[in-house]
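J.: Sending over a structure as structure tokens; questions will come in a sec.
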Amino acid sequence: MENIMKKLDYQPANLTDYELESPLSTMTDFFDNNELHDVREKAWQLYKGWVNNSVDFAEGDENADMLYFYTQLIEFINAAFIHTERRKLEITP
Numbered sequence: 207m208e209n210i211m212k213k214l215d216y217q218p219a220n221l222t223d224y225e226l227e228s229p230l231s232t233m234t235d236f237f238d239n240n241e242l243h244d245v246r247e248k249a250w251q252l253y254k255g256w257v258n259n260s261v262d263f264a265e266g267d268e269n270a271d272m273l274y275f276y277t278q279l280i281e282f283i284n285a286a287f288i289h290t291e292r293r294k295l296e297i298t299p
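Right, dumping it as structure tokens:
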């Protein structure tokens, strides 16, 4: 856990001590408060907005990097959703 905290300290983080010890609770809360299809749509809207607003300054590599990031973000969201749903099934009697 110490190595994780060292990496986290270099990034802005606003997680409580409980959330640091139990990140699944944060992911569960996120998906309990946001429908999966809405999360995907909002991520798409953010990406579209970035593309539309970056026309004047973004280069080809930057555009490719952002598209790759968007793709990975959607994969991460889907994996986090699957993980949290599986954990709910394990915890529920």
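Those letters in the sequence shown? Residues 207 to 299, per our numbering, in order.
Every residue gets a Cβ at the ideal spot worked out from N, C-alpha and C, and that includes glycine.
Keep in mind it's a predicted model, so treat the numbers as computed, not measured.
1. Skipping 5 residues on each side, what residues in its chain have a beta carbon closer than 6 Å to that of Asn-220?
2. Please determine if the stretch 231-250 and the stretch 260-272 are in contact, where contact requires at least 3 C-beta pairs separated by less than 8 Å.
3. So, helix, strand or coil for Glu-312, using DSSP?
4. Could you tell me how far apart the beta carbons of Met-233 and Trp-256 are, in whole angstroms, since I believe they sit closer than 8 Å?
T.: In short:
1. Here residue 220 corresponds to residue number 14 of the sequence shown, with the count starting at 1. There are no such residues.
2. Too few Cβ pairs lie closer than 8 Å, so no.
3. Limits of the chain in this structure are 207 at one end and 299 at the other, which puts residue 312 out of reach.
4. The residue you call residue 233 lines up with position 27 of the sequence shown. The residue you call residue 256 lines up with position 50 of the sequence shown. About 24 Å separates the two Cβ atoms, so there is no contact after all.
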